[in-house]
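Novice: Be aware that the sequence shown starts at -7, since it is given in the working numbering, and climbs by one per residue. The beta-carbon is built from N, C-alpha and C at its ideal position, and this holds for glycine as well. Since the model is a prediction, treat every value here as computed from it, not as a measurement. Okay, handing you the structure first.
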Amino acid sequence: MSMEIVLEKEGYSFYKATSGMDALKILLKEDDFSLILLDVRMPIMDGYETAELIYQREKLKNIPIIFITGQDYEETNVFKGYKAGAVDYIRKPFNPQILRSKVAVFAELYKKNQLLKKKEEELRESNENLRELNQDLEDRVKKRTLELENLNQELKELNIAKDKILSVISHDLRNPFTALLASSEKLSRDIDKLGLAEIKNFSQIIHRTSKKILNQLNELVEWAKNQREKTNFNPARLQLSKGTTESIELLKNNAAHKAIRLEHVIGDDIYVHADALMLRSILQNLITNAIKFTPEGGLVQITAQPLDTMVEVCVKDTGVGIDNEVKNNLFLHVPHSVTGTNNEKGTGLGLLLVKDFVTQHGGCIYVESELGKGSCFKFTVPAVPFNNITNELNSTSEERLSI
């Protein structure tokens, strides 16, 4: 009561216990105390035992205890008190000023600890908010990075598509244009020397070649559109001999300038499942290269044979051949220069395109060659099973009979 009277003007709230057991009961319900003033001498359970029991609870370990004693002044008892958890001693009879001063210290310490806890909680919340903001920023950066990567990939694909389109146009139209230019040039230069039949022949060549170029250009425009829309691969059932004949027809004038014979030995019963424009581009590239590197009076021959579910096509020439170093690197991603007759050179870009088209068909391409004895470029494309062709022919025959 005397302590409460001394401290009441400071605005403290008090909980009073008349024994250690009463103190423990209070502490079971309340644990938010700034200080415990504990008498050493109490009935049943003294202050040391009470302090030990108080500090066994995790939530009560940080509440400071000041022992109040009127007799235990010896060092042994003081040490026992500190060992039990006391932070200080007040001797009876106590000095009011000293009591107020010591209690004020721990009350202020309690306030600062509470403020520190509040700041820690605010800091924790700030850190949590910052973590969420960082996570959100990281997610947005990842999303944006992925968008940029996808955009970059699309740009790469568009660039590849552009290269393909330019390469196809370059290889598929250059040779017909060369034939057209040669015929028109000869007609223009020698028109006074040519007879009516020869003029008519050159005129027909120019007309026929121009028509083929126009048709092929229209096909390339459509193919380029599909390339942009990623629907450029459209395989269908094709008669291989017919497709080969069309490719030879476009290139025979080029071969004629070097007196090179173009021929194919492919049965009419061989059908392939291929993209028409890609197959034509493959054949024209390989045949053009064969003509380029074959001396005058040579032969370029196209053959084909079934191999399980594929058809193997061979474009064989009697040209200069390819050495092993160039042959091993012929279909790599970096073009290699190839020198032929009359120092003719090829960049290898056409062969990269050929390999790409063959790969899209699930096939493979390789070359057999020997210097001075010519080369044979072989590639495979999916075959149309013979049963499918027979069934279709039978179906067509039945329709004609019913009509």
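By how many angstroms is the C-alpha of residue 349 removed from the C-alpha of residue 271?
Specialist: Cα-Cα distance, rounded: 8 Å.
Novice: Roughly how many angstroms separate the alpha carbons of residue 293 and residue 254, rounded to a whole number?
Specialist: C-alpha separation (whole angstroms): 6 Å.
Novice: Can you give me the Cβ contacts of residue 29 inside the same chain, cut-off strictly under 7 Å, excluding the 5 residues immediately before and after it?
Specialist: Once the five neighbours on either side are set aside, the close Cβ partners of residue 29 are -5, 58 and 60.
Novice: Output yes if chain B places a C-beta closer than 8 Å to the C-beta of residue 90; else output no.
Specialist: Protein chains in the displayed structure number just one, and chain B is not present.
Novice: Counting pairs of beta carbons, one from the segment 260 to 279 and one from the segment 363 to 378, are three or more of them closer than 8 Å?
Specialist: They touch, by the three-pair rule.
Novice: Tell me which same chain residues have a C-beta within less than 7 Å of the C-beta of residue 171, skipping the five on either side of it?
Specialist: Taken in chain order, the residues that qualify are 201, 245 and 246.
Novice: Please work out which residues of its chain come closer than 7 Å, Cβ to Cβ, to residue 98, disregarding the five sequence neighbours upstream and downstream, and give them in chain order.
Specialist: 26, 27 and 56.
Novice: Ignore the nearest five residues each way along the sequence and tell me which others in residue 88's own chain have a CB closer than 6 Å to its CB.
Specialist: Result list for residue 88: -2, in chain order.
Novice: Are the CB atoms of residue 3 and residue 41 within a distance shorter than 8 Å?
Specialist: Against a cut-off of 8 Å, the Cβ pair of residue 3 and residue 41 comes out as no contact.
Novice: Taking the DSSP output, what are the residues bridged to residue 374?
Specialist: The partner list for residue 374 (beta bridge, DSSP) reads 302.
Novice: Kindly indicate which three-state DSSP category residue 366 falls into: helix, strand or coil?
Specialist: Residue 366 falls in the strand class under three-state DSSP.
Novice: Beta strand (DSSP E) containing residue 80: first to last residue?
Specialist: It spans 78 to 83 - the beta strand (DSSP E) in which residue 80 sits, taken as one unbroken run.
Novice: Run through the DSSP bridge pairs and tell me what residue 229 is partnered with.
Specialist: Residue 229 is bridged to 265.
Novice: Where residue 312 and residue 359 are concerned, what is the direct C-alpha to C-alpha distance, given to the nearest angstrom?
Specialist: Cα to Cα, residue 312 sits roughly 14 Å from residue 359.
Novice: Reducing DSSP to helix, strand and coil, say where residue 22 ends up.
Specialist: Residue 22: coil per DSSP, three-state reduction.
Novice: Run through the DSSP bridge pairs and tell me what residue 256 is partnered with.
Specialist: Beta-bridge pairing links residue 256 to 294.
Novice: Here's a check: name, in chain order, each residue in its chain whose Cβ is nearer than 6 Å to the Cβ of residue 256, leaving out the five neighbours to either side.
Specialist: The answer, listed in chain order, is 236 and 294.
Novice: Around the Cβ of residue 71, are there at least 16 other Cβ atoms within 10 angstroms (buried) or fewer (exposed)?
Specialist: Exposed, by the Cβ-count rule.
Novice: Buried or exposed for residue 249, going by 16 or more other Cβ atoms inside 10 Å?
Specialist: Exposed, by the Cβ-count rule.
Novice: Please work out which residues of its chain come closer than 8 Å, Cβ to Cβ, to residue 18, disregarding the five sequence neighbours upstream and downstream, and give them in chain order.
Specialist: Same-chain partners within the cutoff: 7 and 9.
Novice: Which residue comes first and which comes last in the alpha helix (DSSP H) that contains residue 42?
Specialist: It spans 39 to 46 - the alpha helix (DSSP H) in which residue 42 sits, taken as one unbroken run.
Novice: Once the 5 residues before and after residue 227 are set aside, which same chain residues still bring their CB inside 8 Å of it?
Specialist: Around residue 227: 265, 266, 267, 353 and 374.
Novice: Helix, strand or coil: how does DSSP classify residue 358 here?
Specialist: Looking at residue 358 - three-state DSSP - the assignment turns out to be strand.
Novice: Excluding five sequence neighbours on each side, which residues of the same chain lie with their C-beta closer than 7 Å to the C-beta of residue 95?
Specialist: These residues qualify, in order along the chain: -1 and 27.
Novice: So what does DSSP say about residue 307, is it helix, strand or coil?
Specialist: The answer is strand: DSSP assigns residue 307 an E or B state.
Novice: Please list the terminal residues of the continuous beta strand (DSSP E) segment that includes residue 29.
Specialist: Residues 28 to 31.
Novice: So what does DSSP say about residue 10, is it helix, strand or coil?
Specialist: Correct three-state label for residue 10: coil.
Novice: How long is the line joining the alpha carbons of residue 139 and residue 345, rounded to whole angstroms?
Specialist: So the two alpha carbons sit approximately 29 Å from each other.
Novice: What three-state label does DSSP hand residue 191 in the structure shown?
Specialist: In the structure shown, residue 191 sits in a helix (DSSP, three-state: H, G or I).
Novice: Quick check on this structure: which residue in 39, 104, 91 and 178 has the alpha carbon closest to the alpha carbon of residue 76?
Specialist: For the residues 39, 104, 91 and 178, the minimum Cα distance to residue 76 belongs to 39.
Novice: How long is the line joining the alpha carbons of residue 190 and residue 316, rounded to whole angstroms?
Specialist: Spanning the two alpha carbons is a distance of roughly 46 Å.
Novice: Could you give the residue range of the alpha helix (DSSP H) that holds residue -3?
Specialist: That run of the alpha helix (DSSP H) goes -6 to -1.
Novice: Can you say whether residue 276 is buried or exposed, counting buried as having 16 or more other CB atoms within 10 angstroms of its CB?
Specialist: Counting Cβ neighbours within 10 Å, residue 276 comes out buried, since at least 16 surround it.
Novice: Just confirm the distance between the C-beta atoms of residue 299 and residue 372, as a whole number of angstroms; I'd bet it's less than 8 Å.
Specialist: Yes, residue 299 and residue 372 are in contact; Cβ-Cβ is about 7 Å, under 8 Å.
Novice: Which partner residues does residue 61 have in the DSSP bridge list?
Specialist: According to DSSP, residue 61 bridges with 83.
Novice: Residue 346 by DSSP, collapsed to three states: which one?
Specialist: DSSP places residue 346 in helix when its eight states are reduced to three.
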